[in-house]
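What follows is one structure encoded as structure tokens, with my remarks underneath.
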Amino acid sequence: TYDENIHKNQNEWYMVQDGSIYCIARNSNTGGCSLAKRDAQGNVVYQVQLDLTVDDICQLAGGRVILVLKDSSLDVRNVKPRLGELDQDTGKVSELSQIKTESGDYIGAGEENLLILNSIGGVREVNVQDGSSTDIMKFAGTTYGIDTGKWKGWLRDVRVTEDGGVELLWRDREGRGTKETLAWKQVDKIPVVMRGFHFNNIWIKDAVAAFNRSNDTYYISLEEAEGDLEDFTTQTSVQIAAGGGPDLLYG
381 TYDENIHKNQ NEWYMVQDGS IYCIARNSNT GGCSLAKRDA QGNVVYQVQL DLTVDDICQL
441 AGGRVILVLK DSSLDVRNVK PRLGELDQDT GKVSELSQIK TESGDYIGAG EENLLILNSI
501 GGVREVNVQD GSSTDIMKFA GTTYGIDTGK WKGWLRDVRV TEDGGVELLW RDREGRGTKE
561 TLAWKQVDKI PVVMRGFHFN NIWIKDAVAA FNRSNDTYYI SLEEAEGDLE DFTTQTSVQI
621 AAGGGPDLLY G
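Residues in the sequence shown are numbered from 381 upward in steps of one, following our numbering.
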């Protein structure tokens, strides 16, 4: 049956390895959400009310269920999410404070550990026990970003392929699914370095991506400037005076 709240991304159902289903009902007006567990036959095992909103959910290969939690009463652009582990018997959530999170984080199950996809930074694999992480694919220097280009829908899952690529599963407003594959590909083009600030700007990333697709000779890579404007200016001026520096400046 048609569920208008699922259509609006307010409700979400997630099936785990034993066939149980977790039903998340988000409340955009009051914040927080309810989390209900149903067994494989559809019977309600329990239902709990959470003060924070469950923004994402995944089950690791070993069976642990991890949640991304957000305070929906605050401006989501300025709020870092928290990670928590769900006690599958009681519905109690324990915060995983050892894992560093950033705004724009999504989660998925790796072969052994947790995958965290950041909409700007890229994909990393995280050890849930101690919070240590290993980068799988960085978006820095590329024109790719989750929020760039045509809107693809809501991100539902992320996984790493055997060849080191990344697959993203999207769902649009009509309930249709789309798989997006990201992989490194060597190109035989002349590299051009563009250095500057504000590469989170969707317009510039889309413009550079369009140029790279259409041009057969040159390929632009983005180099995000570090430090403040004064340091950036001094460093770039010294490099240019010495015959080096970036090919293009932006910002």
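Virtual Cβ for every residue (Gly too), placed ideally from N, Cα, C.
Following the continuous beta strand (DSSP E) through residue i, name the residue where it begins and the one where it ends.
i, result
"E603", "598-604"
"T523", "Looking at the DSSP string, T523 is not in any beta strand (DSSP E), and its letter there is neither H nor E."
"Q615", "Where Q615 is concerned, there is no enclosing beta strand (DSSP E), although the alpha helix (DSSP H) it sits in stretches over 609-621."
"V425", "424-430"
"R575", "570-576"
"L447", "445-450"
"G464", "462-466"
"E392", "391-395"
Give me the Cα-Cα distance between residue i and residue j, rounded to the nearest whole angstrom.
i, j, result
"Y637", "A587", "The structure shown does not extend to residue 637, since the chain spans only 381 to 631, so no value can be given for it."
"L548", "K559", "6 Å"
"Y382", "K480", "Unreliable placement is indicated for Y382, whose pLDDT of 39 sits below 50; the coordinate value is still reported in the next sentence. Roughly 37 Å between the two C-alpha positions."
"A589", "Q468", "44 Å"
"I386", "G511", "Annotation note: pLDDT 42 at I386 (below 50); position unreliable, no value reported."
"V572", "L628", "8 Å"
"T410", "I404", "15 Å"
"V618", "F612", "10 Å"
"N595", "I516", "28 Å"
"D392", "V434", "For clarity, residue 392 is Glu in the given sequence; the question names Asp instead. If you take the alpha carbons of E392 and V434, they lie about 10 Å apart."
Only counting the same chain, and skipping five residues up and downstream in sequence, which positions put a Cβ closer than 8 Å to that of residue i?
i, result
"A441", "A489, G490, E491, E492"
"G399", "D419, A420"
"L430", "G412, C413, S414, L415, L449, V473"
"V445", "V396, Y402, I437, C438, Q439, E465, L466, Q468"
From the DSSP output, in three-state form, read off residue i for me.
i, result
"L415", "strand"
"K518", "strand"
"A489", "strand"
"T558", "strand"
"L628", "strand"
"L535", "strand"
"S474", "strand"
"I500", "coil"
"A587", "helix"
"N409", "coil"
"R593", "helix"
"I437", "strand"
"I632", "Outside the shown range of the chain, which is 381 to 631, sits residue 632, and nothing can be said about it."
"W564", "coil"
"R553", "coil"
"S513", "strand"
"E482", "coil"
"E542", "coil"
"V506", "strand"
CB of residue i to nearest heavy atom of the ligand FAD: below 8 Å?
i, result
"S512", "Summarising the ligand content, the structure contains no ligands, and the ligand FAD is consequently not present."
Quick one: what's got a C-beta closer than 7 Å to residue i's C-beta in the same chain, skipping five residues either side?
i, result
"G464", "L447, L449, V473, S474, E475, L476"
"E384", "Caution applies to E384, whose pLDDT of 46 falls short of 50 and renders its modelled position unreliable; the value that the coordinates give is listed next. Once the five neighbours on either side are set aside, E384 has no close Cβ partner at all."
"V459", "K450, D451, S483"
Can you give me the Cβ contacts of residue i inside the same chain, cut-off strictly under 6 Å, excluding the 5 residues immediately before and after it?
i, result
"K518", "G502"
"T616", "G625"
Rounded to the nearest angstrom, how far is the Cβ of residue i from that of residue j, given a contact under 8 Å?
i, j, result
"Y599", "K569", "4 Å"
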